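K.L.:
So that we are looking at the same thing, I have put the structure below in structure tokens.
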Amino acid sequence: MSTAYYTEEGLRKLQEDLHRMKTVDRRHLSQQIADARDKGDLSENAEYHAAKEDQGLLEARIAKLENVVANARIIEAGQLEEGRVYIHSKVMVRIMDNNTNREFTLVAESEADIKMGKISVGSPIGKGLLGKSKGDVAEVATPTGSTMRLEIIEISR
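Written out as structure tokens, the structure is:
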């Protein structure tokens, strides 16, 4: 897995989620399995099989998140070149098709929240903006197959 860059807050949230899954969620599912096992014949016990399936899914999520956390790095704004769009940049763009302005903050995939204006660096818009400077125009392919043109008006951290 490749290195992913996070804010301190984003990495802390991932670590908290991992801790909750390992301590609270695991314990809860183990108890569900034990309760279902106490009900008798396991071959026809839907509760038992559902709990075992949930346990398998939880263990897969834990393993994936452990890998993400192990490969995560915190990046400070001071480490980045001024005047270019990188992860954690706040970017004001003009959507040239309709002459409207939008502000985005580029974040790691797990921190993305479009309602808060946080977009993943792996998203089409995020990829289009990365490395650009003020005044540059990013051409972004949309899911519909058209191209959206975004002029970078301002970059801040």
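Residue numbers (my numbering): 70 to 226. Virtual Cβ for every residue (Gly too), placed ideally from N, Cα, C. Note that this is a predicted model, so its numbers are computed, not measured.
Less than 9 Å between CB atoms is the rule here; does Thr216 satisfy it with respect to chain C?
P.N.:
No chain C appears in the structure shown, which is made up of a single protein chain.
K.L.:
For Lys159, collect the residues of the same chain with a Cβ closer than 6 Å to its Cβ; drop the 5 residues on either side in sequence, then sort them by chain order.
P.N.:
Here residue 159 corresponds to residue number 90 of the sequence shown, with the count starting at 1. Thr174, Ser225, listed in sequence order.
K.L.:
Given a cut-off of 9 Å on the beta-carbon distance, is the pair Lys187 and Val176 in contact?
P.N.:
Position 118 of the sequence shown, counted from the start, is the residue given in the question as residue 187. Position 107 of the sequence shown, counted from the start, is the residue given in the question as residue 176. Cβ distance < 9 Å, so Lys187 and Val176 count as in contact.
K.L.:
I'd like the list of long-range same chain contacts for Arg171, defined as Cβ closer than 7 Å, with 5 residues on each side in sequence excluded.
P.N.:
Within the sequence shown, the letter at position 102 stands for residue 171. Excluding sequence neighbours, Arg171 sits near Val162, Ile164.
K.L.:
Around the C-beta of Leu198, are 16 or more other C-beta atoms found within 10 angstroms, so that it is buried, or is it exposed?
P.N.:
Reading the sequence shown from its first residue, position 129 is the one you call residue 198. Leu198 comes out buried.
K.L.:
Comparing C-alpha positions only, which one of Leu126, Leu219, Glu78, Gly195 sits nearest to Gly204?
P.N.:
By 1-based counting over the sequence shown, the position of residue 204 is 135. Comparing Cα positions, the closest option is Leu219.
K.L.:
Name the one or two DSSP bridge partners that Asp182 has.
P.N.:
As a working mapping, residue 182 is identified with position 113 in the sequence shown. Lys187, per the DSSP bridge assignment.
K.L.:
Counting C-beta neighbours from all protein chains within 10 Å, is the total for Ser189 16 or more, i.e. buried, or is it exposed?
P.N.:
Here residue 189 is taken as the residue at index 120 of the sequence shown, counted from 1. Buried, by the Cβ-count rule.
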